[in-house]
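Heads up: the structure comes next, in structure tokens.
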Amino acid sequence: MLRVVVCVSGGGTNLQAIIDRCADGTIRNAQIVRVISNKKDAFALERAKKAGIPGICISPKDYSSREEFNLAFQKGLDEAEPDLIVLAGFLVQVPRNVVAAYPGKIINIHPALIPSFCGKGFYGLRVHEAALARGVKVTGATVHFVDENMDSGPIIIQKAVDIPEGITAQDLQQKVMREAEWIILPKAIDLIAQGRVVLDEKTKTTHILPE
Ligand code: GAR
């Protein structure tokens, strides 16, 4: 059983998708053992509680330095002994000590087709506002491994979403979640749990083994 820790910051609809897909058997051989939020009032913590999953808050605000927070965050992960750490709308850059402690074991969902609309400043609604401002006709979502830089790790799965004429950023965010994020994030966890994702350290790419 793959022990999964999910890190969140907000509403937690991606966390909910993972919970639901574990419950209905779409994600096989995986169990969410802990949810970590950097925000005390994140609705994602309510979702965890409702599903009977232990949830904790580790906020930079509760530590006198970033270094102290970084160590506390790693401790919060270490205690849960995770095989996989899933960033599901976690809007804190993962500290270097954590990336170093869990090589190839951290994945993130980003609401665009990387390398478009990603990196510093591109998170949440801003990503969709930027896509609309650029006038792209297709966007989507990406699940990728996390490395020491932002949104730059090896890509695992992507899914494209058409952008209809005149859609608002809010509606586009919902459409990308519904048509891409809530599907590919559980899918990536299942693939990893089945041992089907091969990470090529040299080329920084992944290969998906057939079932
Ligand atoms: C999701 O759209 C996720 O892709 C995005 O935040 C949202 C969280 O929603 N993440 C990023 O922008 C990371 N760069 P949720 O809390 O309802 O899952």
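Numbering of the sequence shown is given in this note's numbering, commencing with residue 825 and proceeding in unit increments.
Ideal Cβ positions, reconstructed from N, Cα and C, are used throughout, including at glycine.
Taking 8 Å as the upper bound for CB-CB distance, Val-859 and Ile-877 are in contact here, some 6 Å apart. Your pair Gln-982 and Thr-966 checks out as a contact, with CB atoms roughly 5 Å apart and the cut at 8 Å. Between Lys-1028 and Ile-987, the CB-CB gap reaches or exceeds 8 Å. Per DSSP, Lys-999 is one residue of the alpha helix (DSSP H) stretching across 993-1000. Under the three-state reduction of DSSP, Gln-917 is assigned to coil, being neither helix nor strand. With respect to the 8 Å criterion, Val-832 and Val-857 are not classified as neighbours on the basis of their beta carbons. Counting every other CB atom within 10 Å of its CB across the protein chains shown gives Pro-906 a total of 16 or more, marking it as buried.
Taking one beta carbon from each stretch, the stretch 893-902 and the stretch 934-943 have fewer than 3 pairs nearer than 8 Å; the two do not touch. Nearest neighbour of Ala-912 by Cα position, chosen from Thr-1030, Val-1022, Ile-1013, Ala-1017, turns out to be Ile-1013. Boundaries of the alpha helix (DSSP H) around Asn-838: 837-847.
Under a 10 Å Cβ-count criterion, Ser-861 is classified as buried, with 16 or more other Cβ atoms of the shown protein chains found around its own Cβ.
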